[in-house]
Amino acid sequence: MVTKDVERLFVGTNILIFATNSLSPWHLAATKALQEARQLGVELILSQQILREYLAAATRINILAEGPPFAEILENICIFRNDYTIVEDNSFVLDHLIELLEKTPTSGKQVHDANIVATMQTHGLRHLCTHNVADFQRFSQFIEIVPLVSVT
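In our numbering, the protein residues as written are 1 to 152.
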């Protein structure tokens, strides 16, 4: 998944969901991808938005009895905060978001994806690990998508 030329990797919410939910069909792929990145010395990066999205998605899965217990979800947040670099979502991110929206037609829920890209731009990040490749294709001129699984 991660190549040796990647030094800093922004990790998408779905990767965290898969890595922490052993019932996910993508669990092994996500845990392996994160372990390989760490072994290569890649700095793994999240934002406050990713942590909020994780809480929303993980607790939704939890309600359906398909995910980890609530206490484990909260513990995962503590682990993420300790093990990952957390970048801030500040006024510069909003400035980048506005510029990005002017350049790339985006609306509705896609604005959340655009905010991830704006966060990456603000913090000088180029690589995004995600399983939702199609959601970020519109931004491929600004970021490099590192898919969880290769499309063959």
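All C-beta atoms in this analysis are idealised placements derived from N, C-alpha and C, irrespective of residue type, glycine included. The structure displayed is predicted, hence computed values, not measured ones.
H96 (DSSP reduced to helix, strand or coil)
Correct three-state label for H96: helix.
Along the chain, where does the alpha helix (DSSP H) that runs through I15 open and close?
Residues T13 to T20.
Only counting the same chain, and skipping five residues up and downstream in sequence, which positions put a Cβ closer than 8 Å to that of N76?
If we look at N76 and ignore the five residues flanking it on each side, its Cβ neighbours are L16, T20, Y54, A58 and P68.
Could you pull the DSSP bridge partners for R8 from this structure?
For R8, which the question treats as bridged, DSSP gives the partners E43.
On a Cα-Cα basis, can you pick out the residue from Q141, T130, S150 and L51 that is closest to N82?
The residue among Q141, T130, S150 and L51 with its C-alpha nearest the C-alpha of N82 is L51.
How is H127 classed by DSSP in three states: helix, strand or coil?
DSSP places H127 in strand when its eight states are reduced to three.
A37: CB within 6 Å of a non-hydrogen atom of the ligand ADP
The model depicted lacks the ligand ADP and carries no ligand whatsoever.
CA-CA distance, V149 and H27?
One C-alpha to the other measures close to 12 Å.
When the cut-off is 7 Å and only beta carbons count, does T20 lie next to chain B?
Protein chain content of the structure displayed is limited to a single chain, and chain B is not contained in it.
DSSP on I143, reduced to helix/strand/coil?
Here I143 carries a coil assignment [DSSP, helix/strand/coil].
Let me confirm a value: T152 is counted as buried when at least 16 other C-beta atoms fall within 10 Å, else exposed. Which label applies?
In this predicted model, T152 has a pLDDT of only 48, less than 50, meaning its place in the structure is not dependable enough to derive any value.
Which residues does DSSP pair with T85 in a beta bridge?
Its beta-bridge partners are I45.
How long is the line joining the alpha carbons of F139 and A114, rounded to whole angstroms?
Whole-angstrom Cα-Cα distance: 8 Å.
According to DSSP, is V149 part of a helix, a strand, or is it coil?
Collapsing the DSSP output to three states places V149 in coil.
Alpha carbon to alpha carbon, what distance is there between F136 and R126?
Using only the alpha carbons, I get a separation of about 13 Å.
Give me the Cβ distance between H131 and F10, rounded to the nearest whole Å; I'm assuming they're in contact under 8 Å.
So it is not a contact: roughly 14 Å between Cβ atoms.
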